[in-house]
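In our numbering, the protein residues as written are -18 to 84.
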């Protein structure tokens, strides 16, 4: 999971099985639980690799932003499987649009 600096140690408790990538606040310390300490040490030992992984969140945010701008955020479906299908279709359209733009 990747989150911004407004998340902290409590995020680690909420997602116990996830590898969490947070950019610590400027006043963050290594004190805390084992997972917090491991995350801070991972950040300190290899900041470039850590930041590359962290900034993958921009892709997800870009996707959601694009979908909201191009198609609107309202999904006029009631049945759960149709909601999922609509969201999936929008994601595929986004990927096709960007893969064509990159060619």
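We treat Cβ as the ideally placed atom computed from N, Cα and C, and that holds for glycine.
Euclidean distance between Cα positions of residue i and residue j
| i | j | result |
| --- | --- | --- |
| residue 48 | residue 56 | 11 Å |
| residue 72 | residue 2 | 24 Å |
| residue 74 | residue 58 | 18 Å |
| residue 53 | residue 11 | 42 Å |
| residue 76 | residue 65 | 17 Å |
| residue 23 | residue 8 | 17 Å |
| residue 20 | residue 32 | 12 Å |
| residue 60 | residue 35 | 34 Å |
| residue 42 | residue 25 | 25 Å |
| residue 70 | residue 37 | 21 Å |
| residue -2 | residue 18 | 16 Å |
| residue 0 | residue 39 | 17 Å |
| residue 67 | residue 46 | 16 Å |
Member of the options whose CA lies at the smallest distance from the CA of residue i
| i | options | result |
| --- | --- | --- |
| residue 30 | 63, 4, 15 and 52 | 4 |
| residue 16 | -4, 63 and 35 | -4 |
| residue 80 | 50, 62, 61 and 44 | 44 |
| residue 85 | 26, 78, 60 and 62 | This structure gives no information on residue 85, because the portion of the chain shown stretches from -18 to 84. |
| residue -6 | 7, 61 and 14 | 14 |
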